[in-house]
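Okay, so the sequence shown: first residue is 640 according to this note's numbering, each after it adds one.
Okay, structure first, notes after.
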Amino acid sequence: MPVKATVIIDTELCKGCELCVMACPVKGLQLSDRFNLKGYRVVELYTENCTGCVNCALVCPDAAIAVYREKKPQKAQTA
Ligand code: SF4
Ligand code: SF4
């Protein structure tokens with residue numbers, strides 16, 4: 640079933656380890672030019688092709704990533 644998905648990254652938890660960058664099958668995560676308050680360069684999502692596979696959230700050692708998936712509405716079936 641087609642899904643629309645995105646991720647929200649808690650940049651204050653991110654340490655810029657790039658494990659999520661390597662885990663993303665659509666290469667949608669990249670280190671950004673921004674730094675968090677602890678001085679780490681943080682990751683951002685740079686694609687609209689996120690599939691919601693959750694790989695990034697599973698590998699993140701700091702639980703900084705939340706994945707949101709939205710099923711596309713199905714047309715009602717009529718008999
Ligand atoms: S949920 Fe999957 S496709 Fe989306 S950013 Fe994370 S690893 Fe990439
Ligand atoms: S795996 Fe987590 S801590 Fe590492 S770069 Fe990605 S979001 Fe940041």
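Even glycine gets a Cβ: it sits at the ideal position worked out from N, Cα and C.
Within the continuous beta strand (DSSP E) that includes residue i, where are the two ends?
| i | result |
| --- | --- |
| Val660 | Looking at the DSSP string, Val660 is not in any beta strand (DSSP E); the run it does join, the alpha helix (DSSP H), is Leu658 to Ala662. |
| Lys643 | Val642 to Ile648 |
Under 8 angstroms from any heavy atom of ligand 1, does the C-beta of residue i make it?
| i | result |
| --- | --- |
| Ile704 | yes |
| Asn694 | yes |
| Leu684 | yes |
Comparing the CB of residue i with every heavy atom of ligand 2, is any distance shorter than 8 angstroms?
| i | result |
| --- | --- |
| Asp701 | yes |
| Ile648 | yes |
Report the partner residues of residue i according to the DSSP bridge assignment.
| i | result |
| --- | --- |
| Leu652 | The partner list for Leu652 (beta bridge, DSSP) is empty, contrary to what the question assumes. |
Under a CB-based cut-off of 9 angstroms, is residue i close to chain D?
| i | result |
| --- | --- |
| Cys692 | Given the protein chain composition of this structure (a single chain), no chain D is represented. |
The stretch 643 to 663 touching the stretch 692 to 705, judged by at least three CB pairs closer than 8 angstroms: Segments in contact, yes.
Beta strand (DSSP E) runs wholly inside the stretch 671 to 713, at least 3 long, in chain order: 680 to 684 and 704 to 710
Contact the stretch 650 to 663 vs the stretch 692 to 702: 3+ CB pairs below 8 angstroms: yes
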